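Residue numbers (the working numbering): 75 to 387. Glycine residues also receive a C-beta, built at the ideal position from the N, C-alpha and C atoms. Note that the structure is predicted; figures quoted are calculated from it, not measured. To keep things clear, I will list the structure first and then write my remarks on it.
Set out below in structure tokens:
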């Protein structure tokens with residue numbers, strides 16, 4: 075069974091950047107947000123990170139053939155029905171329990187089995203030691219822990235809730251669809267509640283014996299070399315500074331990847347700047363900034379963020 079490095083957290087927290095940089099390391103295959111693969115790729119045939127349509131991508135064609143005998147063998151509507159039945163944020167208290175009714179375990183294992191098949195196939199096709207799934211969804215991570223024998227390690231990526239809230243208000247186009255559409259937008263109040271729920275859920279995984287490593291987006295971007303060496307060690311990879319030559323100062327040189335779904339950053343090839351996005355400190359209205367800070371205060375404090383946004387370094 076392949077070793078899986080699962081990137082978790084609320085969207086707009088920097089997971090796509092972390093995934094892209096991890097994907098440049100030897101022995102790593104970055105897969106994108108597999109949670110969305112069933113609908114966006116298998117069903118809707120959107121574009122892979124390499125630029126090709128999913129159905130025309132040699133990598134994903136080989137993965138589907140090994141995992142299922144071809145993607146046409148997958149009942150995508152069955153997968154989506156299972157997703158709706160077991161993988162919801164509101165189900166996390168149940169998923170985090172030490173025991174579940176047998177009928178629930180059967181559904182969860184059936185759902186997680188689709189992911190396990192993809193992980194194993196992707197590792198074989200790519201020859202990688204570690205596959206990275208940047209799905210982020212805490213409920214999916216809780217489902218995966220029920221799959222027998224899965225070597226699951228979770229990187230919990232957190233970012234200042236006020237920066238996340240501002241990012242969710244932006245209009246971001248999804249260029250991978252046949253007809254370009256926009257990514258979901260949330261109000262600051264809504265994103266603050268989601269930030270609390272998703273981040274708190276990852277603490278429960280650690281209590282169930284899943285290795286969890288929390289990183290702060292702001293610190294990772296400030297020193298990506300150290301951050302990557304730390305994550306490589308967490309994943310059990312033998313990576314040295316010599317493997318990080320693709321990072322040059324405040325830029326990274328990125329090759330094309332096969333990210334199945336995610337932030338439009340997955341299409342970036344070549345030089346990409348590595349910088350903190352602190353526009354929210356001026357662009358997020360003070361009233362909204364205080365609202366998010368108040369709602370998220372306990373976890374902001376626990377993660378080491380100052381409650382006074384102007385005190386940030």
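| query | Cα separation between residue 276 and residue 159? | reply | If you take the alpha carbons of residue 276 and residue 159, they lie about 20 angstroms apart.
| request: Take residue 352 as the anchor and find which of 255, 240, 179 and 298 has the nearest alpha-carbon. | output: Sorting 255, 240, 179 and 298 by C-alpha distance to the C-alpha of residue 352 places 240 at the top.
| Proximity winner among 170, 229 and 197, relative to residue 219 (alpha-carbon distances) | Ranking 170, 229 and 197 by CA distance to the CA of residue 219 puts 170 first.
| Given 8 angstroms, three or more beta-carbon pairs between the region 279-290 and the region 203-219 | By the Cβ criterion, the region 279-290 is in contact with the region 203-219, since at least three pairs of Cβ atoms, one from each stretch, lie closer than 8 angstroms.
| query | Looking at C-alpha atoms only, which residue of 134, 366 and 97 is the closest neighbour of residue 115? | reply | Residue 115 has its Cα closest to that of 134, out of 134, 366 and 97.
| Mapping DSSP to helix, strand and coil, what is residue 77? | Correct three-state label for residue 77: strand.
| query | Just reading off the beta strand (DSSP E) that residue 264 is part of, what are its end residues? | reply | Element bounds for residue 264: not the beta strand (DSSP E) but the alpha helix (DSSP H), 262-281.
| query | Taking the C-alpha atoms as reference points, what is the distance between residue 162 and residue 317? | reply | Here the alpha carbon of residue 162 sits roughly 38 angstroms from the alpha carbon of residue 317.
| request: Using DSSP bridges, identify the partner residues of residue 71. | output: The displayed coordinates of the chain run from 75 to 387. Any statement about residue 71 would go beyond what the structure contains.
| field | Straight-line gap, residue 257 to residue 264 (C-alpha atoms, nearest Å) | value | Computed Cα separation, rounded: 15 angstroms.
| Range of the contiguous alpha helix (DSSP H) that encloses residue 132 | Note, residue 132: alpha helix (DSSP H), 132-142.
| Span separating the alpha-carbon of residue 112 from that of residue 195 | Inter-residue distance for residue 112 and residue 195 is about 16 angstroms (C-alpha atoms, whole angstroms).
| query | Roughly how many angstroms separate the alpha carbons of residue 118 and residue 151, rounded to a whole number? | reply | Answer to the nearest angstrom: the Cα atoms are 12 angstroms apart.
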